[in-house]
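One structure below.
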Amino acid sequence: MSFMKQSANLQPIEDTVFAVVSMAKQDIAEHGADAVVDATIGSLYDECGKLVAYQNVFDHYNAIAKEVKAAYAASFTGNPGYRAQVKNWVLQDQPIHLNTSVIATPGGTGAVNMTMINVLEPGQTVVLPEICWGSYNLMAAQAGLQTAAYSMFDGDHFNLPSFKETCRRVMADQGRLLAVINDPCHNPTGYSMTLEEWRQVVRFLNELSEQGPCVILNDIAYIDYSYQGQHSRDYLNCLNAMNENVLTVIAFSCSKTLTSYGLRCGAALILGQDEQRVREAEIVFEKTARATWSNIPNAAMENFTWITTENRAAFESEKQIYVDLLKQRSALFIQEADACGLAYYPYKEGFFVTLKTPDNNLRDQYHEKLIANHIYTVKVNKGIRVAVCSLSVAKVKGLAERMKQILSTLQ
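Residue numbers (this note's numbering): 135 to 545.
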């Protein structure tokens, strides 16, 4: 007899990322940092192996009065100034002609979860990328949802036919659609869709929406580490073509943008043609916020607002140093992977490169073999995730060749 509800999943959570991180730390303690490659950590690290915490973020945060840090936010939907600035920051100079609303959330995760539980009924199906952040599946399961996966790639580009086929099948079954698109800087492959790919997605959903409402959940957690700079938001202009039966919810993460991973702050940005239906989504999201987390850290919201307005130039200058460093690391890994024939999924930008291992049994063997050689990575569906965000250039150099040699022993 259990005290938990009958439908509860009593299987312990298997957090493979943190388990491997722990193994890497133990290996470093035993053999020294020089002998170990820890490519597990999905956070930005500097060349000395220290977690990056932007001076332009934390100097001001530390100076915020303790009373501001202790206080409740102005509203459970977020401080008004914060909500307005999230919209400004996410959309920037894009000419968006849509009705919008912003709800503060605990990181981008809060926005993703809030959307899943409110768009679909328990038992219905959410459409996910075949290769994705594992927590999407966990959140879907906790919400009582099924999942359907579309293949991410057709050669070196987005697999639009698979996306369409999966969405059509789900729409035919349940009369509504929620599809997750993690773009730009996809986690874990580092792929970013082209403007034409986005245009085709919007055109397709406009057609599909004749059968029922369609919602795009666009997770932009890593957008501020795009190598495209001010052009990283260009694709958002494609959303203007959505008809009144298509809605977009953008999941934004201050945690990633400001290197404040543990200071949970983010937002859900709702965009749609129909003002009334955007307001309906806002009302439902407001209730979820009130009933689930009630409040977002007041000082975190105030800090974001100040940094991205009054201190924007200094912050962006500091952040660009690490975007350039990330680009240097990823370019070196890709160059050496190409040279030795180490296969990876199409990479354009972002924190991670994912090695292509379509056979998950081989992937498991490969992962274990890498660990035996003091190289720590993260398993994802059909792949091995390499976190170049946390590796120094010196650690990256020669890594692809070593990984290829280890893989060759299994083939």
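We put the beta carbon where it would ideally sit given N, CA and C, even for glycine.
Reference residue i, options the options, closest by Cα
i, options, result
"Lys-203", "Glu-420, Ala-434, Ile-404 and Ala-173", "Ala-434"
"Asp-408", "Asn-377, Ala-423, Thr-393 and Phe-419", "Asn-377"
"Ile-518", "Asn-379, Ser-526, Leu-541 and Gly-215", "Leu-541"
"Pro-207", "Ser-428, Asp-161 and Val-151", "In the sequence under discussion, the amino acid at residue 207 is Ala, which differs from the Pro named in the question. The candidate whose alpha carbon is nearest that of Ala-207 is Ser-428."
"Thr-488", "Leu-496, Thr-443, Tyr-479 and Phe-287", "Tyr-479"
"Arg-245", "Gln-145, Cys-348, Gln-140 and Thr-211", "Position check: residue 245 holds Ala in this sequence, whereas Arg was assumed. Nearest option by C-alpha distance: Thr-211."
"Val-226", "Glu-436, Asp-168 and Thr-442", "The sequence shown places Gln at residue 226, not Val. Of the listed residues, the one whose Cα sits closest to Gln-226 is Thr-442."
"Phe-338", "Val-380, Asp-307 and Asn-321", "Val-380"
"Ala-355", "Val-224, Asp-288 and Arg-446", "Val-224"
"Gly-289", "Asn-495, Ser-524, Lys-490 and Gln-539", "Lys-490"
"Leu-312", "Asn-507, Ala-274, Arg-463 and Ala-447", "Ala-274"
"Cys-474", "Lys-538, Asn-494, Ala-142 and Ile-147", "Lys-538"
"Ser-285", "Ala-306, Thr-150 and Val-314", "Val-314"
"Asp-368", "Lys-159, Thr-323, Arg-333 and Phe-467", "Arg-333"
"Ile-384", "Glu-299, Lys-531, Ala-375 and Pro-318", "Pro-318"
"Cys-182", "Ala-167, Asn-196, Asp-193 and His-320", "Ala-167"
"Lys-200", "Leu-466, Asn-494 and Asn-432", "Asn-432"
"Val-349", "Gln-276, Lys-139, Cys-301 and Met-135", "Cys-301"
"Gln-280", "Ile-468, Asp-307 and Leu-373", "Asp-307"
"Ala-282", "His-508, Tyr-195 and Thr-259", "Thr-259"
"Gly-215", "Glu-255, His-365 and Thr-439", "Thr-439"
"Pro-322", "Lys-139, Asp-353, Glu-341 and Ala-277", "Asp-353"
"Phe-386", "Asp-161, Thr-249, Met-305 and Tyr-195", "Thr-249"
"Ile-198", "Glu-436, Glu-483, His-165 and Gln-160", "Glu-436"
"Glu-255", "Asn-271, Leu-272 and Gly-278", "Gly-278"
Exposed unless 16 or more other CB atoms sit within 10 angstroms - verdict on residue i
i, result
"Lys-529", "buried"
"Phe-292", "buried"
"Gly-363", "exposed"
"Leu-262", "buried"
"Val-527", "exposed"
"Leu-544", "exposed"
"Thr-328", "exposed"
"Pro-229", "exposed"
"Leu-351", "buried"
"Phe-137", "exposed"
"Gly-185", "The amino acid occupying residue 185 in the given sequence is Leu; Gly does not appear at that position. The residue is exposed, with fewer than 16 neighbouring Cβ atoms inside 10 Å."
"Gly-396", "exposed"
"Leu-144", "exposed"
"Arg-446", "exposed"
"Ala-158", "buried"
"Gly-320", "Note that residue 320 is His in the sequence shown here, rather than Gly. It counts as buried."
"Ile-357", "buried"
"Glu-483", "buried"
"Asn-196", "exposed"
Residue range of the beta strand (DSSP E) that includes residue i
i, result
"Leu-351", "348-353"
"Ile-404", "400-406"
"Pro-214", "Note, Pro-214: premise wrong, no beta strand (DSSP E); alpha helix (DSSP H) at 214-225."
"Ile-384", "380-387"
"Arg-367", "Where Arg-367 is concerned, there is no enclosing beta strand (DSSP E), given that its DSSP letter is neither H nor E."
"Lys-513", "512-514"
"Ile-315", "311-316"
"Val-186", "Counting along the chain, Val-186 falls outside any beta strand (DSSP E), and DSSP gives it neither H nor E."
"Tyr-456", "That residue, Tyr-456, is in no beta strand (DSSP E); its alpha helix (DSSP H) goes 446-474."
"Leu-262", "259-263"
N- and C-terminal bounds of the alpha helix (DSSP H) containing residue i
i, result
"Val-304", "294-308"
"Leu-504", "494-506"
"Val-253", "241-253"
"Phe-419", "409-426"
"Val-151", "150-165"
"Tyr-284", "Here Tyr-284 belongs to no alpha helix (DSSP H); instead the beta strand (DSSP E) covers 280-284."
"Glu-438", "The identity of residue 438 in the sequence shown is Phe, whereas the question assumes Glu. Residues 432-441."
"Phe-486", "Where Phe-486 is concerned, there is no enclosing alpha helix (DSSP H), although the beta strand (DSSP E) it sits in stretches over 486-490."
"Ile-518", "Here Ile-518 belongs to no alpha helix (DSSP H); instead the beta strand (DSSP E) covers 517-521."
"Glu-331", "329-342"
Anticipated Cβ contact below 8 Å, residue i with residue j, distance rounded
i, j, result
"Val-171", "Leu-476", "Incorrect: roughly 14 Å between the Cβ atoms, too far for contact."
"Phe-419", "Asn-247", "Not confirmed; about 11 Å, so no contact."
"Glu-344", "Leu-294", "That pair is no contact at about 19 Å."
"Tyr-359", "Phe-485", "7 Å"
"Arg-497", "Lys-516", "7 Å"
"Tyr-481", "Tyr-325", "7 Å"
"Val-191", "Thr-174", "Going by Cβ atoms, the distance from Val-191 to Thr-174 rounds to 24 Å, so no, they are not a contact pair."
"Arg-310", "Gly-346", "5 Å"
"Phe-297", "Val-335", "7 Å"
"Asn-374", "Leu-232", "7 Å"
"Thr-243", "Leu-405", "Wrong, their Cβ atoms sit about 20 Å apart, outside the cutoff."
"Ala-508", "Ala-169", "For the sequence presented, residue 508 should be read as His rather than Ala. Between Ala-169 and His-508 the Cβ distance is about 6 Å, and since that is below 8 Å, they are a contact."
Any non-hydrogen atom of the ligand GDP within 7 Å of residue i CB
i, result
"Gly-406", "For the structure depicted, the ligand GDP is absent and the ligand set is empty, with no information on it obtainable."
Does the count of Cβ pairs from the segment 396-405 and the segment 209-223 closer than 8 Å reach three? yes
Kindly confirm or deny that the segment 458-465 and the segment 251-268 touch, where touching means at least three C-beta pairs closer than 8 Å. no
Counting pairs of beta carbons, one from the segment 417-430 and one from the segment 234-251, are three or more of them closer than 8 Å? yes
So does the segment 497-512 actually touch the segment 435-454, counting three or more Cβ pairs closer than 8 Å? no
Does the segment 383-395 come close enough to the segment 170-189 that 3 or more CB-CB pairs lie under 8 Å? yes
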